[in-house]
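Residue numbers (full-length UniProt numbering): 1 to 214.
Quick reminder that beta carbons are idealized off the backbone N, C-alpha and C, glycines included.
If you're wondering where the values come from, they're calculated on a predicted model, not measured in any experiment.
See below:
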């Protein structure tokens, strides 16, 4: 409710301002009806398919489904951050969405000292950086890594709350001593060092032990 209240206040404020409106996420896209009714141009980044996430109950999924539909039907421009999201939006009736994919700055190098606190050596570990959500296949990655017995470490960045989240608890239970959970790290020097010096980055779409071994 706090997010909805904040978004409503932001919407009412922006109605008094000149310019084009940029909305990041469709979770309260119902509020864009106020913007469109005022004759404003609204660009919305549709983000992910929130109503499919396992963590939400039926009421929340229905809310997200409705807001995704409203966002697709009534905004001026819909932005997809991946071609697959654009494909999903097209299936829901919104053709011609603009695809602006995520990118990353080129990191030519980083000091190895930042790795010391994590007790890993350059090219002696795999790394993954993602939210601890079932859709990001964290549990599958951990199980695959443990079964593969690579002799390396696996550093997984992301907020882990096993006491409050049963999925997080399952991830922690599946891990062995070679899986390291440093939490969510916002120090860019550490994040860059982890990316530069890892043996490989494990993508969140991993589904099998064979992919880890390759």
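One alpha carbon belongs to residue 161, the other to residue 133, and they sit about 11 Å apart. When secondary structure is reduced to three states using DSSP, residue 7 falls in the helix class. For residue 83, the enclosing alpha helix (DSSP H) covers residues 83-91. Taking residue 69 as reference, the option from 28, 163, 158 with the minimal CA-CA separation is 28.
The alpha-carbon of residue 75 is positioned some 7 Å away from that of residue 32.
Around the CB of residue 64, 16 or more other CB atoms lie within 10 Å, so the residue is classed as buried. Cα atoms of residue 148 and residue 113: separation of roughly 28 Å, rounded to the nearest angstrom.
Going by beta carbons, residue 72 and residue 92 fall inside the 8 Å limit. The beta-bridge partner set that DSSP reports for residue 129 consists of 157.
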